[in-house]
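Trainee: Protein chains in written order, with the numbering used here: chain Y, 1 to 314; chain E, 1001 to 1349; chain C, 2001 to 2277; chain A, 3001 to 3296.
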Amino acid sequence: MLIFVLKRIGALVPVLAVVAVVVFLLMHITPGDAAAVMLGPEASAADVDALRQELGLNDPLYIQFFGWLGGVLTGDLGTSPFLGESVAAALLSHLGPTLSLAILAELFAILVAVPAGIIAARRRGTLIDQGFMGLTILGISVPSFLLGLFLILCFSVGLRWLPVAGYQPLSAGLVEHLRYLLLPALALGSMQAALIARMTRSSMLDVLGSNYMKTGKAKGLSDFALTYKHAFKNASLPVLTVVGQTFGSLVAGAAVVETVFNIPGIGQLIINSVDRRDLVVIQGAVLLIAVAYVLINLIIDILYGLLDPRVQVS
Amino acid sequence: MTNPALLTVTDLKTSFLTERGPVTAVDGVPFTVRRGETLGIVGESGCGKSVTADSIMRLLDEKDASYSGSVELNGRDLLSLPETEMRRARGSELAMIAQDSMSSLNPVFTIGNQVIEAITVHQKMSQKDAYRLAISLLERTGVPEPEHRMTQYPHELSGGLRQRILIAMALSGNPKLLIADEPTTALDVTTQAQILTLIRALQSSSDMASVLITHDLGVVAEMCDRVIVMYLGQVVEEADVDALFDSPQHPYTRGLLASIPEIDGDRSQPLNVIAGRVPTLHDVPTGCRFAERCDFATDKCRDSAPPLEDVTLETVDMLAGDATPRKVRCWNWRHIPMNTSATTAKAIR
Amino acid sequence: MTPQPLLEVRNLSKSFHGRRSGDAKVMKAVDDVSFDILPGETFGLVGESGCGKSTTGRALLRLIEPDSGSVSFQGQDLLKMPRKQLHSTRRQIQMVFQDPYSSLNPHRRVGVILDEALKIQYRLPRKQRTERVHRILDRVGFAEDYYYRFPHEMSGGQRQRIGVARALIVGPQLIICDEPVSALDVSIQSQVLNMLHDLQVELGLSYLFISHDLSVVRHISHRIAVMQKGRIVEQGPTDEIFSNPQHPYTRQLLDAIPASHPRLARERRTALTTPVS
Amino acid sequence: MTSFAPRSPLFPGMTADRRSLQLRRIRNNSQVMTGGSILLLILLIALIGPLLTPSGPYETDTPNRLLPPSTTNWFGTDNFGRDLFARVVSGSHVSLMVGFSVALITSGLGLVIGLVAAYFKTADRILMRILDGFMAFPAILLAIAIMAALGVQTENVIVALSLVFTPYVARVVRSSALVVKEQTYIESLRAQGASAYRVLWVNIAPNVLSPLLIQATFIFADSIITEAALSFLGAGVPPPEPSWGNILFDGKTLIFSAWWMTVFPGLTIMLVVLGINFLGDGLRDLLDPRHKSIRK
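1) Do you know offhand how far residue 225 of chain Y's Cα is from residue 1083 of chain E's?
2) Considering only their Cβ atoms, is the gap separating residue 1065 of chain E from residue 1016 of chain E smaller than 7 Å?
3) Please state if the CB of residue 1138 of chain E and the CB of residue 1118 of chain E are separated by a distance shorter than 7 Å.
4) Does any CB atom of chain E fall closer than 7 Å to the CB of residue 2257 of chain C?
5) Name the two residues that bound the continuous alpha helix (DSSP H) containing residue 3085 of chain A.
6) From this set, Y:279, Y:63, Y:289, Y:290, which residue's C-alpha is nearest residue 38 of chain Y's C-alpha?
7) Output needed in chain order: residues of the segment 1274-1294 of chain E with a Cβ under 9 Å from some Cβ in chain C.
8) Suppose contacts are defined by Cβ-Cβ distances below 7 Å. Is residue 3136 of chain A in contact with residue 294 of chain Y by that definition?
9) Less than 7 Å separating the beta-carbons of residue 61 of chain Y and residue 35 of chain Y?
10) Select from C:2058, C:2008, C:2235, C:2043 the residue whose C-alpha is nearest the C-alpha of residue 3189 of chain A.
11) What are the start and end residues of the alpha helix (DSSP H) that includes residue 1070 of chain E?
12) Would you mind listing the alpha helix (DSSP H) stretches within the segment 48-113 of chain Y that are 4+ residues and don't spill past its ends, in chain order?
13) Identify the contact partners of residue 2087 of chain C in chain E, using a Cβ-Cβ distance below 8 Å as the criterion.
14) When DSSP labels each residue in this structure, what does residue 2021 of chain C get in the three-state scheme?
15) Tell me the rounded alpha-carbon separation between residue 2021 of chain C and residue 2009 of chain C.
16) Kindly list, in the order they appear in chain A, the residues whose Cβ is closer than 7 Å to that of residue 2102 of chain C.
17) Whole angstroms is fine: what's the gap from residue 9 of chain Y's alpha carbon to residue 298 of chain Y's?
18) So, for residue 3207 of chain A: in the same chain, excluding its five sequence neighbours on each side, which residues have a beta-carbon less than 6 Å away from its beta-carbon?
19) With residue 179 of chain Y as the anchor, note down where its beta strand (DSSP E) starts and where it stops.
20) State buried or exposed for residue 1274 of chain E, treating a residue as buried only when at least 16 other CB atoms are found within 10 Å of its CB.
21) Taking 8 Å as the threshold, find out whether the segment 3225-3235 of chain A comes into contact with the segment 3147-3164 of chain A through three or more Cβ pairs.
22) If you measure beta-carbon to beta-carbon, which residues of the segment 3222-3256 of chain A are closer than 9 Å to chain B?
23) So if I threshold CB-CB distances at 7 Å, which residues from the segment 1022-1056 of chain E count as touching chain Y?
24) If you measure from the beta carbon of residue 3287 of chain A to each beta carbon in chain Y, is any gap under 7 Å?
25) Strictly by DSSP, which residues pair up with residue 1231 of chain E?
26) Using a Cβ cut-off of 7 Å (strictly closer), state whether residue 3132 of chain A contacts chain Y.
27) Comparing C-alpha positions only, which one of E:1109, E:1079, E:1070 sits nearest to residue 229 of chain Y?
28) Can you check whether the C-beta of residue 320 of chain Y is within less than 7 Å of a C-beta belonging to chain E?
29) Examine the Cβ distances between the segment 1061-1079 of chain E and the segment 1228-1242 of chain E and report whether three or more of them are shorter than 8 Å.
30) What does the alpha-carbon distance come out to for the pair residue 3287 of chain A and residue 2192 of chain C?
31) Using the three-state DSSP reduction, which class does residue 1081 of chain E fall into: helix, strand or coil?
32) How long is the line joining the alpha carbons of residue 284 of chain Y and residue 1115 of chain E, rounded to whole angstroms?
33) Name the two residues that bound the continuous alpha helix (DSSP H) containing residue 330 of chain Y.
34) The alpha helix (DSSP H) that contains residue 1198 of chain E, what's its start and end?
35) Tell me, please, whether the segment 3147-3158 of chain A touches the segment 3123-3135 of chain A by the rule of three or more beta-carbon pairs shorter than 8 Å.
36) Quick check on the burial criterion: 16 or more other C-beta atoms within 10 angstroms. Buried or exposed for residue 1128 of chain E?
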């Protein structure tokens, strides 16, 4: 098991290397001078020069890269010329709301989608199944920001049950915290829920049609034992994968949903930085999220190894 | 006849809904199995033999499949039992071993977990007792180092061992009827011989009857007391095993026996070929289902379907011993000369 | 006076390393295998799954590169041949595969599949190729319009006949048949076996016939080699091997074959249980 | 076996029986039919819509700002008095163009990368590491970052989305090609002495077109969604050029006073994406045998 884990960690190195290169290059695919672009047309030549100096843009590319990488590895993501603080500090101060939102959305998605997927698979072809699957197509077709707008229109503008936008930290009380996060989490979690439900259903169907389910039925096992013991453990593997793979889009989706609901999270930080073309902050945020994604998938890989005895062998 | 019937299948029909319309994969199959007896069901792929097995156990998804007729086990019709009672019967009164031992065991649970589950689903006992019983079952089925096997996963075992595990699970409820669906098809010859010997030994130590489904007439010769031959969803011949090999009556059975290269056959002779191909279930011929491939077919064969005729009395003089049931589904069986194929050589010996 | 062998295999070996890198486990799939195939004969290679018989067949054609040994075809070593020469030698040695369902490209018509086989080996005008395809289709017993069929419109036996036609069309002298009938029903199997036999008589072909089924191998082969764990444990004329097996493994294999008649099965069981007095 | 059904011109090589089955399956596939109809309807409106509007998408009319839907302004007007229907129709041109271009570009690139990776082992190792690296970035985030670097412009949206989605297509192509590569007919071709070109482009490529088509459909839908999100965030199509996303952005600030500015463009996006997803799902049922709904 230890070897398995170490190997998985080893496999991350090239992926992280590509991630680093891509993030680094973001600064350099800008048409023209990145420093000038960042400061805008009104900036003085002296200011641009100063920023170019500060960002090290005058050095050869590979020196810039290793300088930047060295910084990243020691936790130095650079300093934003607009915020006047380090990128790391800015990210840290915006992390809380994003994490709360993403976790809440993921919980909602899993709790709704997994049972729905199982029920749909067991009642394959019935109205319930068709209804659920219709809903999932709808879920996949409505992007989170749009669903957010519709939810605001319905629950905040129309019914006036919930606040239109804004954010209260957990320190303001759990109920208050949730009151502000409920709609954003629904908006963010629905597409995730749809994906998980479809995956659950299809992997359940694969498993339900398998020979070992037939053996189980021939043993005299009840439908319940078959579904929840034999099928679920097998079917949970692909579901786990889909949770891991879509975690990234969940976090990214959070960025968009935050804008809809004015939540001061990383997403809003990114969007504000896009307006300002603050590439340093964007680099840092993108890097943080990509690394988080890679780590989450590492954990999922290890879980996979624990659940499926065949994985460690091959 | 002293031995009463354990399983009586009458006019079993199993139909599926497919996108090209409904098909009847098993079409009016009758047979009986007596206590302690082994009945073979032979036929080529697509003849409905596996569906017959699944129908007896009612393993098919009843959303797609529908049954009619009756399957009486000890006088109780399994097809009309409520699902909860059927579930109690599965694994205790009748059990099954499947063909592909790799996919028939759940890959994410240990062997121990799966064998113990097969025990405790029908018998109330402590985990400890179940464990002990599981070990003894593995010993009975010739699994070496049973304690170690209990902790292993299916992919860590060989095909032969996995098949023994499946047999152990099937035996856990002391079934009266064992249905073996191509139990050795995926195995090598030497392993096949071991598994067949094991099944035979287990059967002789109890009065368990079995239904053995296979495409391999060699396995039939080794294992069965009586045989039914299936073609395109129907039984075309039923006979005592010796009688079937000595004097096959249906043209299809004869053709089948003559197509097999035998280990002691004449190598200089070309093998028999059954011309044409099996029609699909979507366009079943109106007359005899074998007519278009049969050398002896007449207009009558092509126009009207022959019944499964009881010919026990007419063929009894060919046999040395008691009259055992003999049935043929052919209009012309009386008129087909016997020396049409390689079977003759064997009948003489 | 024995005729000159068509194919001489000497000390052929192939090992596979364990999947895990740094794994010391080495599996000898083919271990010092030697045999000859004479013109016009069928050489049977039997053994159980994993014994290395299929690897041997593939190594001959360098579909798997063997580690050592030599394979000389008409006096020339295939294993030392430059790619270009190997390419044209493949006209002489063709292969027929086990699975009639995956051995034909589902997206191509039968005629195109056969035409492609020709195109790979010969530069011929289209008209000549088409003519040859039609001739070969006729030879394996298909009506002309099968040219336009797709593989999924055919039965397993028909597909396997197309597989044989694909091998035949380039005019080989040796065909390596890797379990050519084991995926087929018995009544279909006999069609293919008879056809292989007829083609041999007519065209003077040699076959390397790889199979796990001893009855089939016995029926079609002139000589047989028995493989176990990568090695040939016994080889000789078919009748000798079957009537007087020398190696214990051969005997074990022969004993395991199911009887051809229930009476023989009973006799064998009683012979086993009653002690010899 | 004497007569054979005539071959069909529509599905060459299929006998009439098979063709009618195929057509019946398409017709019976409610998803393909629904999805197809929705898309046709949208396309029709996108084409003839400009003829039906009282004013163009850029014509401001300050006295008539924020009018609710009426018989003249079907979707109402926005805060500059521009006809919302005209703007949504004009936005559909941008969205469909972006979606289609991205689907086309990613299919081409993905096909080549996926096939090369599936066939050549060394290339596979390098290409897959790079694709893995790219896929570690959530699609929309990478798109935002690229837009920030390249500058906010409609053409850049296409570039960014193509970069972001190509790895997903390449993955699908690669894994289908790997399955095909294991088929015996590929080994048979090697035994016959076929060149790598023949094996890869003549024999493997046609077999991965179905999964590619299905994936392209979904990329089409995803591109439309992502373009809308980018424009909504101000990182996509720059105003005043109308796009569904930036109309929604304008609508958001006025959500209390002008619900129509959110509802109509929103419903349009939903309908289009729903149509494409139905089509994609239906195509998968039709083309991918593993997803056949009826067994046996």
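Note that CB positions come from ideal geometry on N, CA and C, so glycine has one too.
Mentor: To lay it out plainly:
1) Using only the alpha carbons, I get a separation of about 15 Å.
2) Judged by their CB atoms, residue 1016 of chain E and residue 1065 of chain E are nearer to each other than the 7 Å cut-off.
3) No, these two residues do not count as a Cβ contact at 7 Å.
4) True, the Cβ-Cβ gap to chain E drops below 7 Å.
5) Per DSSP, the unbroken alpha helix (DSSP H) holding residue 3085 of chain A starts and ends at 3084-3119.
6) Per the Cα distances, Y:279.
7) Of all residues in the segment 1274-1294 of chain E, those with a C-beta nearer than 9 Å to a C-beta of chain C are 1274, 1275, 1277, 1278, 1293, reading in chain order.
8) In this structure, residue 3136 of chain A sits near residue 294 of chain Y, with a CB-CB distance shorter than 7 Å.
9) Going by C-beta atoms, residue 61 of chain Y is not nearer than 7 Å to residue 35 of chain Y.
10) The shortest C-alpha separation from residue 3189 of chain A is found at C:2058.
11) It is not in any alpha helix (DSSP H) - residue 1070 of chain E instead sits in the beta strand (DSSP E) that spans 1065-1073.
12) Counting only runs of 4 or more residues that sit fully inside the segment 48-113 of chain Y, the alpha helix (DSSP H) segments are 61-73, in chain order.
13) Listed along the chain, the chain E residues whose CB falls inside 8 Å of the CB of residue 2087 of chain C amount to none; the nearest CB is some 36 Å away.
14) Any reading at residue 2021 of chain C must be qualified, since the residue scores a pLDDT of 45, below 50, and its modelled position is unreliable; the value itself is stated next. Coil at residue 2021 of chain C, not helix or strand.
15) With a pLDDT of 45 at residue 2021 of chain C, under the threshold of 50, the modelled position of this residue cannot be trusted; read the value that follows with caution. In this structure, the straight-line span from the alpha carbon of residue 2021 of chain C to that of residue 2009 of chain C is close to 31 Å.
16) From the beta-carbon of residue 2102 of chain C, the residues of chain A found nearer than 7 Å are 3183, 3184, 3185.
17) C-alpha separation (whole angstroms): 7 Å.
18) Short of 6 Å from the beta carbon of residue 3207 of chain A, and not among the five residues preceding or following it, lie these beta carbons of its own chain, in chain order: 3180.
19) No beta strand (DSSP E) holds residue 179 of chain Y; the alpha helix (DSSP H) holding it covers 174-208.
20) Label assigned to residue 1274 of chain E: buried.
21) Result yes; three or more Cβ-Cβ pairs closer than 8 Å.
22) Here chain B cannot be found, since the structure's protein chains are Y, E, C and A.
23) Within the segment 1022-1056 of chain E, no residue qualifies.
24) Between residue 3287 of chain A and chain Y, the shortest Cβ-Cβ separation is not below 7 Å.
25) Residue 1231 of chain E is bridged to E:1234.
26) Cβ-Cβ to chain Y under 7 Å: yes for residue 3132 of chain A.
27) The shortest C-alpha to C-alpha distance from residue 229 of chain Y to any of E:1109, E:1079, E:1070 is the one to E:1109.
28) No information on residue 320 of chain Y is available, as it lies outside the stretch 1 to 314 that chain Y covers here.
29) Between the segment 1061-1079 of chain E and the segment 1228-1242 of chain E, the count of Cβ pairs shorter than 8 Å is below three; the stretches do not touch.
30) One C-alpha to the other measures close to 33 Å.
31) Here residue 1081 of chain E carries a coil assignment [DSSP, helix/strand/coil].
32) Their Cα atoms are separated by approximately 54 Å.
33) Chain Y is shown only over 1 to 314; residue 330 of chain Y falls outside these bounds and no answer can be derived.
34) Per DSSP, residue 1198 of chain E belongs to the alpha helix (DSSP H) from 1189-1204.
35) At 8 Å Cβ cutoff, the stretches do not touch.
36) Classified as exposed, residue 1128 of chain E has fewer than 16 neighbouring CB atoms from the shown chains inside 10 Å of its CB.
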